[in-house]
Amino acid sequence: MGDTEQATARLRELLSSQLFCVLATQDRGQPYGNLVAFVATDDLSGLVFATSRNTRKYSNIVTDPRVAMLGDSRSNQGSDIGNAVAATALGTVEEVQGDDRERLVALYLAKHPHLEEFVSSPDCAVLTVKIDRYYLVSEFQKVTELAVPD
Numbered sequence: 027m028g029d030t031e032q033a034t035a036r037l038r039e040l041l042s043s044q045l046f047c048v049l050a051t052q053d054r055g056q057p058y059g060n061l062v063a064f065v066a067t068d069d070l071s072g073l074v075f076a077t078s079r080n081t082r083k084y085s086n087i088v089t090d091p092r093v094a095m096l097g098d099s100r101s102n103q104g105s106d107i108g109n110a111v112a113a114t115a116l117g118t119v120e121e122v123q124g125d126d127r128e129r130l131v132a133l134y135l136a137k138h139p140h141l142e143e144f145v146s147s148p149d150c151a152v153l154t155v156k157i158d159r160y161y162l163v164s165e166f167q168k169v170t171e172l173a174v175p176d
């Protein structure tokens, strides 16, 4: 298995094992971070999350849809410095509608069934980050860039 295939396998494992990641948006030039429940699409080209339309993160996304999302495997132990894996995803957010919304909600709820009532709320937006690239960091400073094809 080559480096890219190995990094993609590690990324897939990380994204499937973690329930939450940090979403970074822009609030008039000021970075703003939120913890969000997410799920990755099967081809890793998108990260899906949900939020109420009356939140700061939603307002920030409407103003500037470019975001970063960070997921990691840390356990809050000293050994994380060499053992934890982290991935930063860069991309652009779109609200999903119609058949795409139904398909992505099903994927999202398969990972987060406890959020069914929240996602069913009329005020809830289901969003997907169309990923441009991932940066996977392992072994403290080993960084692998993975571009997502169009």
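Here the numbering used here is used: position 23 in the sequence shown is 49, and no number is missing along the way. Each residue gets a CB set at the ideal place from its N, CA and C atoms; glycine is no exception.
Nearest neighbour of residue i, chosen from the options [CA to CA]
i: residue 45; options: 169, 160, 133; result: 133
i: residue 129; options: 160, 153, 144; result: 153
i: residue 144; options: 31, 83, 36, 78; result: 78
i: residue 92; options: 155, 70, 59; result: 155
i: residue 56; options: 104, 121, 89, 172; result: 89
i: residue 83; options: 52, 99, 101; result: 52
i: residue 175; options: 168, 160, 167; result: 160
i: residue 47; options: 85, 30, 102, 95; result: 95
i: residue 74; options: 31, 122, 140; result: 122
i: residue 127; options: 139, 168, 146, 140; result: 146
Contact under 9 Å by Cβ, residue i with residue j
i: residue 108; j: residue 72; result: no
i: residue 151; j: residue 76; result: yes
i: residue 113; j: residue 162; result: yes
i: residue 87; j: residue 115; result: no
i: residue 66; j: residue 42; result: yes
i: residue 164; j: residue 36; result: yes
i: residue 29; j: residue 170; result: yes
Unbroken beta strand (DSSP E) run spanning residue i, endpoints
i: residue 67; result: Where residue 67 is concerned, there is no enclosing beta strand (DSSP E), given that its DSSP letter is neither H nor E.
i: residue 78; result: 72 to 78
i: residue 165; result: No beta strand (DSSP E) holds residue 165; DSSP gives it neither H nor E.
i: residue 81; result: First-last for residue 81: undefined, no H or E at that position.
i: residue 48; result: 46 to 53
Contact belief for residue i with residue j at Cβ below 8 Å, rounded distance in angstroms
i: residue 97; j: residue 40; result: 6 Å
i: residue 172; j: residue 34; result: 6 Å
Range covered by the alpha helix (DSSP H) that runs through residue i
i: residue 147; result: Per DSSP, residue 147 belongs to no alpha helix (DSSP H) and is neither H nor E.
i: residue 41; result: 29 to 43
Any chance you could list the alpha helix (DSSP H) runs of at least 4 consecutive residues sitting entirely within the region 93 to 130, in chain order? 106 to 109
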